[in-house]
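For reference, the structure discussed in these notes is given below.
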Amino acid sequence: MNRLKINTAEPAGYRAMIALEKYIESTELTTRHKDLIKIRASQINGCAYCVDMHTTDARKAGETERRIYNISVWHEAPFFDEQERAILALTEEVTLIAGRVSDETYKKAAELFDEKYLAQVIMAIITINAWNRIGVTTQLQPSLD
460 MNRLKINTAE PAGYRAMIAL EKYIESTELT TRHKDLIKIR ASQINGCAYC VDMHTTDARK
520 AGETERRIYN ISVWHEAPFF DEQERAILAL TEEVTLIAGR VSDETYKKAA ELFDEKYLAQ
580 VIMAIITINA WNRIGVTTQL QPSLD
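Here the sequence shown is numbered in the numbering used here, starting from 460 and rising by one per residue.
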């Protein structure tokens, strides 16, 4: 079944999403932090299109294959620093919001980042989750080329 293309069916809504993405790109968030957020949320949400796009982008930005392969098992992998672990934990809990964001996870992130940076992390997590929901709902697929 062919599903609609949000950008043509509802261009105003799509432009609003693009504006939110442009805001995320303009923040102080490091490329590495943005990539970790985008990849981990997309893995959890099962958005193949976004996983493909964001792992490709991360490679272009200099991320290693080894770290990319281990994002899904970051709890057990030694390749992520304290800030990255806090971001990955927060990404998981916000993405799986029905389980709530624990005080422990939030406190750890708040200890490592100032309020502005933490707010930007949260906004980046929310933005990729919105994109994932568009991708999954409309069954976007990565290109085979």
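By construction, the Cβ of each residue, glycine as well, lies at the ideal position given by its N, Cα and C atoms.
Using 8 angstroms as the threshold, is the C-beta distance between residue i and residue j below it?
| i | j | result |
| --- | --- | --- |
| Thr564 | Ala500 | no |
| Ala517 | Ile503 | no |
| Ala520 | Asp494 | yes |
Using the beta-carbon count (16 or more within 10 Å), is residue i buried or exposed?
| i | result |
| --- | --- |
| Leu463 | exposed |
| Thr492 | It should be pointed out that residue 492 corresponds to His in this sequence rather than to Thr. Classification for His492: buried. |
| Ala475 | exposed |
| Ala545 | buried |
Write down the C-beta distance between residue i and residue j rounded to the nearest angstrom, noting that I regard them as a contact closer than 8 angstroms.
| i | j | result |
| --- | --- | --- |
| Lys497 | Ile587 | 5 angstroms |
| Ile593 | Ile477 | Ile593 to Ile477, Cβ: 12 angstroms. No contact. |
| Lys549 | Trp533 | Contrary to the premise, residue 549 reads as Leu rather than Lys in this sequence. In fact, because the Cβ distance is near 12 angstroms, the residues do not count as touching under 8 angstroms. |
With DSSP collapsed to three states, give me the class of residue i.
| i | result |
| --- | --- |
| Gln598 | coil |
| Val553 | helix |
| Thr586 | helix |
| Lys464 | coil |
| Ser561 | coil |
| Thr490 | helix |
| Leu603 | coil |
What residue ranges within the region 501–538 form continuous alpha helix (DSSP H) runs of no fewer than 4 residues, ordered along the chain? DSSP assignment within the region 501–538 yields the following whole alpha helix (DSSP H) runs of 4 residues or more, N-terminal first: 507–519 and 524–529.
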